[in-house]
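Numbering-wise, this note's numbering puts 44 at position 22 of the sequence shown, and it's gapless, one number per residue. Ideal placement from N, C-alpha and C gives every residue a C-beta, glycine not left out.
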Amino acid sequence: MKQPFDLNTVLAHVEEAIRPYPKAAMFDLFERGYNSLFEQLISCIVSIRTLDETTIPVSLRLFEQARTPEQLLALDIPTLTQLLYGTTYPDQKAYTMRGIAERIMTEFGGQLPADFATLTSLKGVGPKCANLALGVATGQAAISVDVHVHRVVNRWGYVQTKQPEQTLKVLEVQVPKEQWTDINRLLMPFGKHICTGTLPHCSTCPVLPWCQQVGVERHR
Ligand code: SF4
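What follows is the structure, encoded as structure tokens:
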């Protein structure tokens, strides 16, 4: 017998459930002091198709050399590619990062404007990274939908969407603004460790009473 879905209750259980696990990479880097909008955006580029276990050390290695657009532009593509070794598409990411740094220096006087339209106008920056960087670095209400968020909220039955972009639109309507940044902070580790892509841990999941388990055919 399922309980009526209540987002506050469910998120409170998720918060408890993820306590033993590492924080999502960008929240971890923020707590280490890498909290500028530029640093958060760059670490999100690092994280594309890359595990947090790699994103964090690679970002730390990169930030030892460059924490500002100006410092990043002092690194040539081969050096930058070498620093990004271990991530997926390091050479492509090196070009993307230099492109971002160049635009910040030439168009924005060295300061990255904290708005979604500007961030997503940068080549290689999509809605997920723009919203995550804005939410973490500036505290602006922003929902970032990655594969984990998309999968979890669909399994709950809280949304019925096919693509993360659609999920973002629905969540922006359904989730109160003060919880927007929490969505990625909580659901990314929850999706990685508990509501996993294959064989989710339903039998021990604290959210089970509220979850419709949509599409879950086998679980642990
Ligand atoms: S009950 Fe299963 S499907 Fe639902 S949130 Fe928990 S792990 Fe995911």
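Same chain only: Cβ atoms within 6 Å of residue i, ignoring 5 sequence neighbours per side
| i | result |
| --- | --- |
| V175 | V181 |
| Q162 | L156 |
| P228 | H35, A39 |
Coil, strand or helix - residue i by DSSP
| i | result |
| --- | --- |
| T140 | helix |
| Y107 | strand |
| R242 | coil |
| G237 | coil |
| F27 | coil |
| C227 | coil |
| D98 | coil |
| G280 | Given that the chain is displayed from residue 23 to residue 242, the structure contains no residue 280 and the question cannot be resolved. |
| L221 | coil |
| Y56 | coil |
| D168 | coil |
Cβ-Cβ separation, residue j to residue i (assumed contact under 8 Å), whole Å
| i | j | result |
| --- | --- | --- |
| Q62 | A152 | Rounded, the Cβ-Cβ distance is 10 Å, inconsistent with contact. |
| Q25 | W178 | Contact flag wrong, Cβ pair sits at about 12 Å. |
| L59 | L134 | 5 Å |
| P211 | I40 | 4 Å |
| R207 | A96 | That pair is no contact at about 33 Å. |
| R83 | L105 | 6 Å |
For residue j and residue i, the rounded distance between their alpha carbons
| i | j | result |
| --- | --- | --- |
| R242 | P222 | 6 Å |
| F130 | I122 | 11 Å |
| H35 | C217 | 13 Å |
| L51 | R120 | 21 Å |
| T77 | Y43 | 16 Å |
| C224 | L230 | 6 Å |
| S65 | M48 | 7 Å |
| T142 | G148 | 6 Å |
| L154 | A136 | 12 Å |
| T109 | G146 | 15 Å |
Contacts around residue i, its chain only, beta-carbon distance under 7 Å, and the 5 residues preceding and following it disregarded
| i | result |
| --- | --- |
| I205 | I165, V171, L193, V197 |
| L144 | I122, R125 |
| F85 | Y56, E61 |
| R240 | L221 |
Closest by C-alpha distance to residue i, when choosing among the options
| i | options | result |
| --- | --- | --- |
| G157 | S143, K145, F138 | F138 |
| A116 | V36, T220, S81 | S81 |
| Q185 | K199, V195, V169 | V169 |
| K150 | R41, I67, E53 | I67 |
| D28 | R240, M127, Q234 | Q234 |
| L73 | K214, T226, T140, E239 | K214 |
| T128 | Q114, P91, Y111, T110 | P91 |
| E187 | L94, R173, Y107 | R173 |
| P79 | L94, G237, R89, Y107 | Y107 |
Sequence-distant residues of the same chain with beta carbon closer than 8 Å to residue i, five excluded per side
| i | result |
| --- | --- |
| T140 | F130, L134 |
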